[in-house]
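Residue numbers (my numbering), protein chains in the order written: chain A, 124 to 514; chain B, 47 to 1111.
In this text, a Cβ means the ideal position worked out from N, Cα and C, and glycines have one as well.
See structure below.
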Amino acid sequence: MKAFLILEDGTVFEGIHIGARREMISEIVFNTSMAGYPEVLTDPSYAGQAVCMTYPLIGNYGVCTEDMESVRPWPDGFIVRELSRIPSNFRSDKSIGQFLEEYDVPGIAGIDTRALTRLLREKGTMNGMITTDASYNIEEVLPRLRAYTTGKVVERVTCREKYQVRGARDMAENGPVSGSAVYTGQKEKRPTLVRRLNGAGKRVALLDLGMKRNIADSLAQRGIDVTVYPAFTPAEEILGEQPDGIMLSNGPGDPKECGDIIREVRKLYESGVPVFAICLGHQLMALATGADTYKLKYGHRGGNHPVKDLQTGRVYISSQNHGYVVDMDRLDARTARPAFVNANDGTCEGLAYVQKPVFTVQYHPEACPGPQDSGYLFDRFIEMMEVGKNA
Amino acid sequence: MPKNPNVKKVLVIGSGPIVIGQAAEFDYAGTQACRSLKEEGVEVVLVNSNPATIMTDKDIADHVYIEPLTGKVLEQIIEKEKPDSILPTLGGQAGLNLGMELEESGFLASHHVTLLGTTAATIRKAEDRQEFKDTMEKIGEPCAASKVVENIEDGVAFVKSIGYPVVLRPAYTLGGSGGGIAHNQIELEEILANGLRLSRVGQVLVERCIAGWKEIEYEVMRDGAGNCITVCNMENIDPVGVHTGDSIVVAPSQTLSDKEYQMLRSAALNIISELAITGGCNVQFALHPTSFEYCVIEVNPRVSRSSALASKATGYPIAKVAAKIALGYTLDEITNSITGKTCACFEPALDYCVVKLPRLPFDKFLTAKRTLTTQMKATGEVMSICQNFEGALMKAIRSLEQHVDCLLSYDFSDLSADELKERLRIVDDQRTYVIAEALRKGVSQEDIHEITQIDIWFIDKLAVLTEMEARLREEPLSTELLKEAKRMEFPDQVIAKLTGMSEDEVRQKRYEHGITAAFKMVDTCAAEFEASTPYYYSCFGSENEAVRTTGRKKVLVLGSGPIRIGQGIEFDYCSVHATWAFSRAGYETIIINNNPETVSTDFDIADKLYFEPLTPEDVENIVRLEEPDGAIVQFGGQTAIKLTESLMKMGVPILGTRAEDVDAAEDRELFDRILEQTQIPRAAGGTVYTAQEAKEVANRLGYPVLVRPSYVLGGQGMQIAINDQEIEEFMEIINRIAQDHPILVDKYLQGKEIEVDAVCDGTDILIPGIMEHIERTGVHSGDSISVYPAHTIDEKVKEKIAEYTRRLAKALHVKGLINIQFIAIGEEVYVIEVNPRSSRTVPYISKVTGIPIVDLASEVIIGKTIRELGYEPGLQKEVDYVAIKMPVFSFEKIRGAEISLGPEMKSTGECLGIAPTFQEALYKAFLGSGVDLPRFKQMIITVKDADKGEAIEIGRRFERLGYTIYATRSTAAALREAGIRARKVNKIQQESPTVMDLILGHKIDLVIDTPTQGRDKSRDGFLIRRTAIETGVNCLTSLDTARALVTSLETARAGELTLVDVAEL
């Protein structure tokens, strides 16, 4: 069946319908990762947005449930050039088409995704509609598109109740260490890069702002016991449990929509407990400490962005997904200084706080999808907690 | 880290002659690197024995030595030039081995020369099998259970512990030479013995067979500060077991989830970091298809064929970046030259699919085994880019120029489903077509996967294509169907065949419905950033991004496609130089080509690069968009020439020599008329279409005769026939490939073969020099040793040749280049053939005379005269050096190939010997081609009766050099009669020790074997020659070559060679 992608500027792409058969209006963004579409789909940071994959062949290996980064797909819509007609991978549980239908996500295939990407690059992120109704009235549609905002999406994606993720007690629980997996004839647990339980005995409170599962797993695999809290948990409740460290997760939307949470984050900051924050968490910490954020023209979404660690001078290839960024020009040097910058456009990729044991990054050390190069940041967080303990 | 200020003068080592496993990719890499070094103000000294390369041009390097690549020669160059550094990682395995040799001997240290880029310790860690294994073990990266052995007994014992099958890989060899898979002890012993001998260090790795696993490669870069990136990953469609050079490769990987992709990526970074490589590196993995288990197969601590492919597939200039890293820059300090905004420290994001197909030489070696193994056999490759896999595959197929344009091109329709399943077990170059036929016959995808181990995803994609074939056959051609077929890149010609329409009707219908090709940009970033580099590929059903530029005059340069025997890197040299010349003259230049290994497909050579197949339809798509003012076909070999007629139909003027005149040179009757008119003699002959006609002509002329198809390059299908039976045999072979053109039968004349390249401006000609072949006529010019200046013909003959050249060029109205081959018999000169285009001797003659004839030809085409260009017309004064071009073969790589020389070209590359004297030049040329004698001073002579007289003379000269000569019965008798102490050895079928035992005993320097006429390969001679080649013994099949060799040995001085800086000529 035919489907149409109508953009805010009046551009219409004609393709074929995939996934759920319903209309959707959302903010259209593109992601340049060549693999990892199941992780992209299940990343809660995409709530309130529809994702276009720039790589044209999607669905080749189907969907493996184990790779889901949360309980369901979050984007409002999915836009691809070509959907593979068969999935081929030993772990594949279902095809991407089935997956989208199952979770009621509409989508469109067969459109020139590169042309769409170029348009978004030139004009900036736009809102759009996917519809199967060939008799749409553009005059009626455009005002609806312009009216759309992602709004307060964190509340949609955060967990309802707090829960525990138990840290690994021995290495075997993590599954094989990457490189040492030996074929056993059975579907195996996927390999991990973690080679030491260097966080054993520590307890971390993780504020779920739309968390990707691998953030909690990255801690747990290092032996850390993790308590995941809903986004609107009061700071007092978290601090009352006396965690060794606090993590703020990634999440969707405009950070400035999160006023309530920012107030709690300020208290967490004040507490002196070591904090490591990722993505939205990083932005909220910045806002909570007096810095500002702004929206990028079309964001950073993909697995190939170079980030320079100013502490070591090393550049790492990172997994990214953000439309907003902290304004480095308006940073108060007495509070925080840039710790990581994007080697391409020089934007802020992370901050080191001067007065508190807090460091935050804009990108995704938990990868999934994308490069695993920045996993060392979890170890840096553990070291920070050690220092805090000894102090 | 900024540039290292201590690096001021760098010696760059090239990779030498083109052989299978080491082809044009290193010219591409070396050229890019040299330009990059010069950009940084570094003085570049280049050494490479291959004169056909662009890197050996004086505008690429400051000092150019086209000298044999041996440790000794390099030492001499270092002593003379005193570079402060040496860069060995851009010249393939050959360059790397040399760099290591100098480092290990302490020569570099004693001469204060620094090894740039990756250190010697790192190279050892990556290359030495045991050190590599230990290193991998240390960092927890798995290798297949394996052991390095230095003798057969250890190998057998080890395999007892791990079981068959096992893979064998000799250390330090190119393209997997001498490797293989052994399924039992007999095979193990055989392959092991061969491998141990071929390895530079006498080591072979024996390892657990992981055949059938997915083969995945990562191209990785690392700088001195430790920053690492992967440029791209690639998935081999053929599972482990087929050398990656012979595999169908797709980029990026298609069947890996992010978990597998990142697992292997992290492993690749882990490895490059541990090895501390600075520069580019290729890591090959085997991934278990149904688990996360993987093995590291190999690491190449240098730029490689795969890195050239990755560069072209992504737009990321690996060699250029590697050169900057060698100078001390870090990745984040280097700009991404595609976007001009972002830095080189990022990973390209592709938004298209790339397919690479190998160009295999089985059309040249009809007797060779077509099976694909861990020993690479491809001479070159093609790459294609499309928005979908089906389209990329279809485009790659027709880029091969092997008379294939779709999955129906090899016909297996007479096989039943069961027979097809059986056939699928054979892993050869036709397997894709067999799979397609199996799918058509209803064999299930699972069954095909079970047999071939090819991932179902790829098999399903082939099914998509065969389903489309069926729809085109069965359904009426609706617009939707046509759109879909074009989306998958079915050429109009194939759609026409399947629908029963004519090609014109299909094209018409397409245009009526606006179904035309659109062009997309390769920008390294999936459109995330604006890019300015005009590197395009086509697809259907998309927005067009390529903009027709106007303003300047615009010229289309047609490239030469994949490297193959007969059409090698020389034509890329010509295309690139023509492009530069037109660019200098103010033209906008556009290159179309599909070869990922070459300089011409680098995005900064022409103003625009279209990475496309070179078929009329694909070219027309570009012509319709760009509307060029003219096209240049005379530099792109036969590939480009073949497009002449189509281009004219499209209304594109052919610049330079007109198409009618090109035809006149190829068309027998037209050409005869021209010869008559210009009063130039040639061998009598006739034009035929059938075997009957051929026999009639042959009998009229008298045997022997030369039989050859017209409009081919490299003498493909050319044979000398001595009787009717052979005529029939050859005609059958020639006619296997559909012939649009007649076949030529000529009286075979034996004399000195002379070759001339000239530039003609319509009035005057310029001949840079006359080249003479050492081998008599009958050996293809590309396989002959060529000497400049011609050394045995007198001035009168030279004048006659110059005069004939002038007459022919004028009569053919040549504007640009012309290549003519003559036979000189005494004072008489006959013309053999005329090619009004560039030839494979163009780079060689340009370099050794210092006359840039491609540039001149381009200027002439634009409208300048030779005089205006500052040259006095006619034959130019000879230089004071003798320059000898030596053919280089890759016979040891192609099992079962006949090695004897004849009218069909067989060499894959060439090297140069340049020196003040003929003898020294000859010595250098042999040395450069790998003939480093004497060693054991023992040789075997076995010649046919007609050659015995000459064999005596040659034998006597070898004996004087101290050689012990073994000979088979009749040859031995003839030699003894002449007073040479030849030792008689038994023939193969006689009792041991036979001539074979002697060869296998590894104490023989040389075999001289002249084949008896006929192509019967079961003869002893064939076996002797194959055995010699496969055991690494030099084998000569022409007495002329043998005489040249003994001449060079007689005068070889053990000491210093005379170095010639070609940039000063």
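> When the Cα of residue 293 (chain B) is compared with those of B:408, B:283, B:196 and B:301, which residue comes out closest?
Replying inline: For the options B:408, B:283, B:196 and B:301, the alpha carbon positioned closest to that of residue 293 (chain B) is the one of B:283.
>> Within 8 Å, do at least three Cβ pairs link the segment 383 to 395 of chain A to the segment 349 to 363 of chain A?
In response: yes
> Which value, in whole angstroms, describes the spacing of the CA atoms of residue 462 (chain A) and residue 369 (chain B)?
Replying inline: 30 Å
> How far does the beta strand (DSSP E) with residue 279 (chain B) in it reach, from first residue to last?
Replying inline: Residues 274 to 282.
> Got a sec: is the Cβ-Cβ distance from residue 300 (chain B) to anything in chain A below 8 Å?
Replying inline: Under the 8 Å criterion on CB atoms, residue 300 (chain B) is classed as interfacial with respect to chain A.
>> Residues in the same chain with beta-carbon distance under 8 Å from residue 341 (chain A), minus the five sequence neighbours each way, listed in chain order, please.
In response: 317, 488, 489, 498 and 501
> Looking only at DSSP bridge pairs, what is residue 461 (chain A) linked to?
Replying inline: A:474
> Across which residues does DSSP place residue 426 (chain B) in a beta bridge pair?
Replying inline: B:405
> According to a CB-to-CB cut-off of less than 7 Å, which residues of the segment 396 to 409 of chain B neighbour chain A?
Replying inline: 396, 397, 398 and 399
>> Within 8 Å of any Cβ in chain B, is that where the Cβ of residue 173 (chain A) sits?
In response: Not one chain B Cβ lies under 8 Å of residue 173 (chain A).
>> Can you pull out the residues from the segment 313 to 328 of chain B whose beta carbon lies closer than 9 Å to at least one beta carbon of chain A?
In response: 313, 315 and 316
> Under the three-state reduction of DSSP, which class applies to residue 112 (chain B): helix, strand or coil?
Replying inline: coil
> Do residue 394 (chain B) and residue 360 (chain B) have their C-beta atoms closer together than 8 Å?
Replying inline: yes
> Under the rule that 16 or more other beta-carbon atoms within 10 Å means buried, what is residue 324 (chain A), buried or exposed?
Replying inline: exposed
>> My assumption, with CB atoms under 8 Å, is that residue 603 (chain B) sits in contact with residue 624 (chain B). Please give the rounded CB distance.
In response: 6 Å
> Where do the N-terminal and C-terminal ends of the beta strand (DSSP E) with residue 201 (chain A) fall, by residue?
Replying inline: For residue 201 (chain A), the enclosing beta strand (DSSP E) covers residues 200 to 202.
>> Between residue 278 (chain B) and residue 203 (chain B), how many whole angstroms is the CB-CB distance? I'm expecting something under 8 Å.
In response: So it is not a contact: roughly 41 Å between Cβ atoms.
> Going by Cα to Cα distance, which pick from A:135, A:142, A:130 and A:138 is closest to residue 152 (chain A)?
Replying inline: A:130
> Buried or exposed: residue 187 (chain B), going by 16 or more other Cβ atoms within 10 Å of its Cβ?
Replying inline: buried
>> Which residue wins for smallest C-alpha separation from residue 448 (chain B), given the options B:685, B:296 and B:385?
In response: That would be B:685, whose Cα lies nearest to the Cα of residue 448 (chain B).
> Which residues, in chain order, does the segment 481 to 493 of chain A contribute to contact with chain B at a C-beta distance below 9 Å?
Replying inline: 490, 491, 492 and 493
> Run through DSSP, which three-state label would residue 806 (chain B) get?
Replying inline: strand
> So, does the CB of residue 275 (chain B) fall closer than 8 Å to a CB anywhere in chain A?
Replying inline: At a cut-off of 8 Å between beta carbons, residue 275 (chain B) contacts chain A.
>> Counting only C-beta atoms, is residue 941 (chain B) closer than 8 Å to chain A at any point?
In response: For residue 941 (chain B), the answer is no, since every Cβ of chain A falls outside 8 Å of its Cβ.
> To the nearest angstrom, how far is it from the Cα of residue 391 (chain A) to the Cα of residue 224 (chain A)?
Replying inline: Their backbone Cα atoms lie some 41 Å apart in a straight line.
>> Below 7 Å on C-beta distance, what does residue 373 (chain A) contact in chain B?
In response: Ordered by position in chain B, no residue passes the 7 Å Cβ test against residue 373 (chain A), which lies about 17 Å from the chain.
>> DSSP has residue 612 (chain B) in a bridge; who is on the other side?
In response: According to DSSP, residue 612 (chain B) bridges with nothing at all.
> So what's residue 94 (chain B) in DSSP terms, helix, strand or just coil?
Replying inline: coil
> From the beta carbon of residue 817 (chain B), is the nearest beta carbon of chain A less than 8 Å away?
Replying inline: no
> Using a Cβ-Cβ cut-off of 6 Å (strictly less than) and excluding sequence neighbours within five positions of residue 545 (chain B), which residues of its own chain qualify?
Replying inline: 518 and 523
> Quick one: which chain B residues come within Cβ less than 8 Å of residue 303 (chain A)?
Replying inline: 186 and 188
> Unbroken beta strand (DSSP E) runs of length 3 or more, entirely within the segment 322 to 395 of chain B: which are they?
Replying inline: Note on the segment 322 to 395 of chain B: whole beta strand (DSSP E) runs with a minimum of 3 residues are 325 to 333 and 340 to 346, in chain order.
>> Rounding to the nearest angstrom, what Cα-Cα distance links residue 126 (chain A) and residue 258 (chain A) in this structure?
In response: 11 Å
> Hey, residue 212 (chain A) and residue 303 (chain B) are a contact pair by Cβ (cut 8 Å); roughly how many whole angstroms apart?
Replying inline: 6 Å
>> For residue 1079 (chain B) and residue 274 (chain B), what's the separation of their Cα atoms in angstroms?
In response: 43 Å
> Within the 8 Å Cβ cut-off, does residue 391 (chain B) reach chain A?
Replying inline: yes
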